[in-house]
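Worksheet: one structure, shown below.
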Amino acid sequence: MATRPASAPKQPPPGQPEVIFVVGVNGVGKTTTIAKLSHYYLQQNRRPLLAAADTFRAAANEQLEIWADRLGVEIVMQHPGADPAAIIFDALAAAKKRHEDPVIVDTAGRLHTKYNLMAELEKMCRIAGREVPGAPHQVLLILDATTGQNGLQQARQFTEHAGTTGIILTKLDGTAKGGVVVAIVRELGLPIQFVGIGETVEDLLPFNPREFVESLFET
Ligand SMILES: Nc1nc2c(ncn2[C@@H]2O[C@H](COP(=O)(O)OP(=O)(O)OP(=O)(O)O)[C@@H](O)[C@H]2O)c(=O)[nH]1
Ligand SMILES: [Mg+2]
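Structural data, given as structure tokens:
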């Protein structure tokens with residue numbers, strides 16, 4: 003199987019929103035990480051808009067809406083079961099009109115082995131690219147630090163179908179060390195952008211390679 007090499011992040015054209023997709027398997031921390039990223043961008047005086055494109059899991063809209071209210075950011079959603087590509091279309095139209103940037107897209111958890119779900123993700127990428135040139139400009143793969151070698155398969159498949167540009171490693175506050183990212187960086191050249199160390203919006207840290215490697219050898 004040929005694996006597409008990791009894509010580099012792209013820049014939106016001047017005046018257009020940066021579009022960031024957040025992807026990964028079920029329960030890894032995508033939605034929580036979106037809240038953390040929103041907080042991070044707000045601190046940089048940017049105005050994130052959240053696209054609730056997880057229309058699959060019950061209560062996914064409500065979960066993202068609670069974060070959006072708490073953070074005071076806009077959210078675009080539709081009814082459960084709606085086509086996620088339609089939400090992306092709406093969210094990008096709203097962001098362009100209101101000059102919100104970046105647009106952060108919450109996607110449903112999906113197993114990297116389910117062909118139809120990965121095809122759906124490809125369609126979402128295509129629609130985004132039709133609305134804003136170069137979109138999605140970043141595709142962040144969320145990986146749970148407790149994941150073992152399967153994380154490498156996840157990274158390969160999400161890169162193949164959605165052009166992953168970076169990784170956020172979550173749940174590093176637990177006992178797991180996330181050593182699988184070493185193999186991912188080696189094979190796919192994907193940068194690790196942040197690590198998640200808890201459940202609040204402040205629990206997102208820039209990745210520090212030295213500290214990470216040292217922690218791998220701690221007993
Ligand atoms: N301890 C800890 N818990 C986390 C971290 N990130 C997320 N969580 C928790 O992990 C659980 C799942 O988080 P979600 O953000 O709902 O995960 P998701 O990937 O959006 O899940 P689905 O949408 O169902 O696929 C929640 O209880 C979060 O609070 C982290 O860095 N550390
Ligand atoms: Mg979620």
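Sequential numbering from 3 applies to the sequence shown in the numbering used here.
Where is the CB? At the ideal position from N, CA and C, for every residue including glycine.
Identify whether residue i lies in helix, strand or coil by the three-state DSSP scheme.
{"i": "E76", "result": "strand"}
{"i": "G198", "result": "strand"}
{"i": "A61", "result": "coil"}
{"i": "F214", "result": "helix"}
{"i": "F219", "result": "helix"}
{"i": "F23", "result": "strand"}
{"i": "G181", "result": "coil"}
{"i": "A53", "result": "strand"}
{"i": "Q140", "result": "strand"}
{"i": "G131", "result": "helix"}
{"i": "L44", "result": "helix"}
{"i": "L192", "result": "coil"}
Grab me the residues of residue i's own chain with a C-beta within less than 6 Å of its C-beta, minus the 5 sequence neighbours each way, in chain order.
{"i": "K32", "result": "V24, G26, I144"}
{"i": "V22", "result": "Residue 22 is actually Ile in this sequence, not Val. These residues qualify, in order along the chain: P104, I106, Q140."}
{"i": "P50", "result": "S40, Y43, V75, P104, I106"}
{"i": "L119", "result": "R112"}
{"i": "A37", "result": "W69, V203"}
{"i": "S9", "result": "G165, T167"}
{"i": "L142", "result": "V24, G168, I170"}
Indicate whether residue i and residue j have their beta-carbon atoms separated by less than 7 Å.
{"i": "W164", "j": "L113", "result": "Reading off the sequence shown, one finds Ala at residue 164, where the question assumed Trp. Result no, Cβ atoms of A164 and L113 do not sit closer than 7 Å."}
{"i": "V78", "j": "D56", "result": "no"}
{"i": "P193", "j": "V105", "result": "no"}
{"i": "I186", "j": "T35", "result": "no"}
{"i": "A147", "j": "L190", "result": "no"}
{"i": "P14", "j": "V134", "result": "yes"}
{"i": "K179", "j": "L218", "result": "yes"}
{"i": "D108", "j": "A54", "result": "yes"}
{"i": "F160", "j": "T166", "result": "yes"}
{"i": "K12", "j": "G136", "result": "yes"}
Ordered along the chain, which non-local residues of its own chain (more than five positions away) have a Cβ less than 7 Å from that of residue i?
{"i": "I129", "result": "A87, I90, F91"}
{"i": "T209", "result": "Inspection of the sequence shows that residue 209 is occupied by Phe rather than by Thr. Correct list, in chain order: I194, Q195, F196, V197."}
{"i": "F222", "result": "Within the shown structure, residues of the chain are numbered from 3 to 221, placing residue 222 beyond reach of any answer."}
{"i": "V182", "result": "T149, G150, Q151, G153, L154"}
{"i": "G29", "result": "G111"}
{"i": "N47", "result": "none"}
{"i": "G83", "result": "T57"}
{"i": "M3", "result": "Residue placement at M3 is flagged as unreliable, the pLDDT there being 43, under the threshold of 50; the coordinate-derived value follows with that caveat. Excluding sequence neighbours, M3 sits near nothing in its chain."}
Is any non-hydrogen atom of ligand 4 found closer than 6 Å to the C-beta of residue i, if you look at the structure I gave you?
{"i": "K173", "result": "Among the ligands present in this structure, namely ligand 1 and ligand 2, ligand 4 is not found."}
Less than 8 Å between C-beta atoms, sequence neighbours within five positions excluded: which residues of the same chain meet that for residue i?
{"i": "K125", "result": "A87"}
{"i": "E102", "result": "P19, R49, P50, L51, E76, A96"}
{"i": "E67", "result": "A54, I77, M79"}
Checklist entry - When the Cβ atoms of the stretch 168 to 182 are set against those of the stretch 196 to 206, are three or more pairs found closer than 8 Å? => result Contact between the stretch 168 to 182 and the stretch 196 to 206 is present, because at least three Cβ pairs lie under 8 Å.
Checklist entry - Which parts of the stretch 67 to 120 are runs of the alpha helix (DSSP H), unbroken and 4 residues or longer, counting only runs that do not cross its ends? => result 86 to 100
Checklist entry - Looking at C-beta atoms only, is the number of pairs between the stretch 93 to 107 and the stretch 57 to 68 that lie closer than 8 Å three or more? => result no
Checklist entry - Which runs of the beta strand (DSSP E), 3 residues or longer, sit entirely within the stretch 150 to 179? => result Correct list: 168 to 172.
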